[in-house]
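In the numbering used here, the protein residues as written are 423 to 578.
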């Protein structure tokens, strides 16, 4: 899989984000309501990546910087958003490869910890993150009081 930096609003990004949102609708009955500004995923305070097999986008993921002036975050945090692997490519190791690239690029941008939110109806995501060294942290942001949310963090 070839991983490239793209804009959050790139057409291929938008296609995979829409597929991900539809998966949330199936699993939870609604799309993710987290406020997202595409500019947050631009350097130096963010990044969005796509993974391609040939010319076909099969994976996405990004991070955006947060600091302690936002409730629930610490200075140097970066939040992972829109991690997604198309259904036909799951189980091939692409999620671990994308996660490793997100960790590497966040560390190079002098971020100190990666944080993320996933849900109870995404056991495969929980398994990926916990087996990659992520530990449960207090729920943050719009997820603070959501009983279906699980937040995780990993020091970089």
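Virtual Cβ for every residue (Gly too), placed ideally from N, Cα, C.
Put simply, the backbone Cα of residue 532 is about 9 Å away from that of residue 499.
For residue 537, the number of other beta carbons within 10 angstroms of its own is at least 16, and it is reported as buried. If you draw a 10 Å sphere on the C-beta of residue 567, you find fewer than 16 other C-beta atoms in it, and that means exposed.
Each residue's CA atom was taken as its position, placing residue 571 and residue 485 some 18 Å apart. DSSP lists 469, 502 as the beta-bridge partner residues of residue 485. Uninterrupted alpha helix (DSSP H) stretches at least 4 residues long and entirely within the stretch 528-557 occur at 545-553, given in chain order. Looking at the backbone, the Cα of residue 475 and that of residue 459 are separated by about 27 Å.
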